[in-house]
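Peer 1:
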Amino acid sequence: MLKRNKQKSIYDKALEKKKENLERENLYKNLDLDREKNTIIFEQKNNTFIKVLNFLLDTIERIIKFFIIIIAFILLTIGATVLFNPGLRENLLEIINNINILT
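This is the structure we're talking about:
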């Protein structure tokens, strides 16, 4: 009797490899995994929490920028007015000296 070769044929190996690749692809698709990095991907289109968080962060950033610009314009306006009007400069210094920050 001839003994059957216990090694798998090239065709069988290729089929197993193909099945493994298909299973891996399905796993990546089902779990939203990135193939190269093996990390989880959160799609911004489907995840409403990330959308809300991004919106809030953008809004807060815009509000802070707006207040910084307003404060800069106010300080520039006061500075320009004081430079051109010496009488107003003295009045402004008196107002600043009379303001008691602690009370």
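At position 23 of the sequence shown the residue is numbered 1331 (the numbering used here), and the sequence of numbers has no breaks.
No residue lacks a Cβ here, since even glycine has one placed at the ideal position from N, Cα and C.
It should be emphasised that the depicted structure is a prediction, and the values quoted were computed from it without experimental measurement.
1) Under 7 Å, do I1383 and V1390 count as touching if we go by C-beta distance?
2) Taking N1399 as part of the alpha helix (DSSP H), name the residues at either end of that continuous run.
3) Which residues mark the beginning and the end of the alpha helix (DSSP H) in which K1321 is found?
Peer 2: Checking against the coordinates, here is how it stands:
1) Correcting the residue type first, residue 1383 is Leu in the shown sequence and not Ile. Contact flag unset, no.
2) 1394 to 1406
3) 1318 to 1339
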